[in-house]
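Student: Residues in the sequence shown are numbered consecutively from 18, following my numbering.
All residues carry an ideal CB built from backbone N, CA and C; glycine is no exception.
Take a look at the following structure, please.
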Amino acid sequence: MKRYDLINSINARATFACTRAVLPHMLKQKHGRIIVMSPPFETVNLGGRVAYSVSKLGMTIIALGLAQEVRGSGVTINALWPTTLVESFATINHNLGNESMWRKATIMSDCCLGIVLEGDDFTGFALLDEDYLRSKGVTDFKKYRCDPSIEPPKIVEPKDMAVHLDNVGTAEDARKKSKL
């Protein structure tokens, strides 16, 4: 139970605490962007990772629920998740593959930048990085490869989908809400 409590404290509880801490300030200025790093519901592989999956889905529920609570305030809250492993201290230190299995972290930063620049109505989505970038016209993902000659294996298959707080939508739904 200690490990379960720890992972939920790190992921779901910390997400809730941090967003609740910044929301009053964002609401006061009638502007803010929160991006939670957690998966859409349909993409989670639960086998052997129940505690982790519960903590990550908790983060997604927080993002979608708080987005609904603050809708129309100028504050947007979305969730974002990679379709491949991403090169990071976690993948390196936990020996989660090698460069041929990773994309560069710039794929996530490009997504975050795009989401931050979206309009106030782009809120309450749980997005996959590749789907989001494809919805913005990106078709070549080679620049994100850590090993330029190998496309990393997917940990989540892009399905041209995005979970939205109102219902399950497609990347086209997200594109329609975008002002870019």
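1) Just how far apart, CA to CA, sit M178 and D137?
2) Select from T32, R151, R66, Y69 the residue whose C-alpha is nearest the C-alpha of I200.
3) What residue does the alpha helix (DSSP H) around V133 start on, and which one ends it?
4) For G141 versus A84, is the C-beta spacing smaller than 7 Å?
5) I need the DSSP call for L197, collapsed to helix, strand or coil.
6) Mind listing, in chain order, the continuous alpha helix (DSSP H) runs of no fewer than 4 residues lying wholly within the region 44-106?
7) Leaving aside the five residues before and after R20 along the sequence, list all residues of the same chain whose C-beta is less than 8 Å from its C-beta, in chain order.
8) Looking at K171 and T77, is the spacing between their C-beta atoms short of 7 Å?
9) Less than 7 Å between C-beta atoms, sequence neighbours within five positions excluded: which residues of the same chain meet that for G114?
Tutor: The answer reads as follows:
1) Note that M178 has pLDDT 49, beneath the 50 cutoff, so the model's placement of it is unreliable and the number below is only indicative. Between M178 and D137, the C-alpha separation is close to 20 Å.
2) An answer regarding residue 200 cannot be provided, because it is not within the stretch 18 to 197 covered by the chain.
3) Looking at the DSSP string, the run of the alpha helix (DSSP H) that includes V133 is 123-134.
4) Contact flag set, yes.
5) Bear in mind that the predicted position of L197 carries a pLDDT of just 36, short of 50, making it too unreliable to give a figure here.
6) Complete alpha helix (DSSP H) runs here, min 4: 67-87.
7) Around R20, the same chain offers A68 as residues with beta carbons nearer than 8 Å, after the five sequence neighbours per side are excluded.
8) No, the pair does not count as a contact, with Cβ atoms beyond the cut-off.
9) So the list reads L102, T108, once near-sequence residues are dropped.
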